[in-house]
Amino acid sequence: MDPFAGVTEGKPNSPVTIARPVATRATMTRAAPPSTTIVAFAVALLGIAFFSTMDAVVKSVSLAIGTYDTLLWRSIIGVVLVGVPWLLRRPGRPTRAALKLHAERGIVSAAMAWLFFWGLARVPMAQAIALTFIAPLIALLLAALLLKEQIGRNAKVGSVCGLAGVGIILSGQLQAPPGPESGIGAIAILLSALCYAYNIILMRRQAQVADPFEVALFQNITVALCLASLSPWFGHVPDVVHFPGIALAAALASISLLLLSWAYARAEANYLSAVEYSAILWASFYGYWLFGEHVRLTTAIGAALIIGGCIAASRRGQVPVLPAEYQA
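If you count the sequence shown from 1, position 65 lands on 94 in our numbering, and the numbers rise without skipping.
This is the structure:
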């Protein structure tokens, strides 16, 4: 589907339909039925659920073989999992703009992933995810700055509710006795969150110039190349017993990338950013089930606020198309 179909440009009250956007600093919008944005929100929620499951799998494997090897081999397997169906579709050559975004997001994702999973191996899952929730709030500001998106009242209310819920959860987690390297792990996760805030914006820009399969494939390729460049110093071939877990993580990551790319092509970054908060529910569940990390009352209270924030932020009606200057 052409992402620019139905794009209008010009003065308010006198729109002119065009086939492709032209260079302008004005933010262009296209009308979207409410059902479209609701479906995009639901698909993004499902994408976060797959990502959260992948987090649990990667944490488990990382505790056994280390973060670097887990991420390197996950990316290599991901290239195969997504590359085969992408080639079978006989796609055209990616545009220069798309390749530039693929490389940029892949490099950011490589740093983001290593920092996050290194920290995740050292702190409880719920606490780790809570710390990352600074990212959607930064993304709201970046969306206004880089994508010229308007931050609606509902998005603001949803983000405040989500942040309040995160604060309650984090206050409960901080009462627990710290484990070894937990402080350094928390710092790594906060740095990862800063990378992820920019990654959310790149996801929105990338989704406008490439289809989901292309996005997922080139992200895996770029991350694999970034990590492989360090393999002479850090790389090892894991025992065969660990490859099923690595393959599962690769499949979950690829599916999530496809779902999120589809959603971000159809809704604003500031509209979808609130779905990130739902990850705390999955982190609490997997942390307890797989790693014996007990869920506190503060986590339950915070989760209720987070869900309320997601519902509040989902009440939107239009999906803007990127300014043409961000397509190049």
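Backbone N, C-alpha and C define an ideal beta-carbon position, used for all residues, glycine too.
_Rounded to the nearest angstrom, what separates Gly338 and Ile229 at their Cα positions?_
18 Å
*Just the Cα atoms here: how many angstroms apart are Phe282 and Ile250?*
A quick correction: the sequence has Ala, not Phe, at residue 282. The straight-line gap from Cα to Cα measures roughly 13 Å.
*the region 135-144 / the region 218-225 touching (three or more Cβ pairs under 8 Å)*: yes
*Under a three-way DSSP split, which group does Pro17 fall into?*
Residue 17 lies beyond the stretch modelled for the chain, which goes from 30 to 357, so this question has no answer here.
*When you compare only the Cα positions, how much space is there between Glu305 and Gly264?*
31 Å
*Look at the alpha carbon of Ile336 and the alpha carbon of Ser307, and state the distance between them as a whole number of angstroms.*
7 Å
_Buried or exposed by the 16-neighbour rule on C-beta atoms within 10 Å, applied to Pro241_ = buried
_Segment limits, alpha helix (DSSP H) that includes Asp98_ = 96-117
*Cβ of Gly135 within 8 Å of Cβ of Cys255?*
yes
*asked:* For a test of your reading of the model: does the CB of Val238 fall under 7 Å from any non-hydrogen atom of the ligand ZN? Yes or no.
replied: The ligand ZN is not part of this structure, which contains no ligands at all.
*Answer yes or no: do Ile309 and Ile197 have a C-beta to C-beta separation smaller than 8 Å?*
no
*asked:* To the nearest angstrom, how far is the alpha carbon of Thr328 from that of Ser200?
replied: 9 Å
*Put Arg122 into one of helix, strand or coil per three-state DSSP.*
coil
*Classify His271 as helix, strand or coil using the three-state DSSP reduction.*
helix
_Can you confirm whether the region 284-299 touches the region 73-86 when touching is taken to mean that 3 or more C-beta pairs between the two stretches lie within less than 8 Å?_
yes
*For Gly338, does the three-state DSSP call read helix, strand or coil?*
helix
*C-alpha gap between Leu261 and Asp98, whole angstroms*: According to the sequence shown, residue 261 is Pro rather than Leu. Straight-line Cα distance between these residues: approximately 12 Å.
*Whole angstroms is fine: what's the gap from Leu128's alpha carbon to Ser290's?*
15 Å
*Taking DSSP as the reference, what is the three-state secondary structure of Gln235?*
helix
_So, at 6 Å on beta carbons, what are the nonlocal neighbours of Gly214 in its own chain, with the 5 sequence-adjacent residues on each side left out?_
Gly148, Arg151, Val152
_Which same chain residues end up closer than 6 Å to Ser245 when comparing Cβ atoms and leaving out the 5 residues on each side of it in sequence?_
Here residue 245 is Ala; the residue named in the question, Ser, does not match the sequence. Excluding sequence neighbours, Ala245 sits near Val111, Ser283, Leu286, Leu287.
*Cβ-based neighbour list, Val186, same chain, cut-off 6 Å, excluding 5 preceding and 5 following*: Ala341
_Between the alpha carbons of Thr161 and Leu174, how many angstroms are there, rounded?_
21 Å
_Residue range of the alpha helix (DSSP H) that includes Ser313_ = 308-320
*asked:* So for Asp240, helix, strand or coil by DSSP?
replied: coil
_Reduced DSSP secondary structure (H/G/I, E/B, other) of Leu259_ = coil
*May I have the straight-line CA-CA distance separating Val252 from Gly107, to the nearest angstrom?*
10 Å
*Reducing DSSP to helix, strand and coil, say where Glu178 ends up.*
coil
*Measure the alpha-carbon distance for Ala172 versus Ala333 and round it to whole angstroms.*
26 Å
*asked:* Beta-carbon within less than 7 Å of Leu231's beta-carbon, same chain only, minus the 5 sequence neighbours each way: which residues are those?
replied: Leu130, Glu133, Arg134, Val137
*Cut-off 7 Å between Cβ atoms - residues of its own chain near Val270, not counting five sequence neighbours on either side*: none
_Considering only their Cβ atoms, is the gap separating Ala279 from Arg118 smaller than 8 Å?_
no
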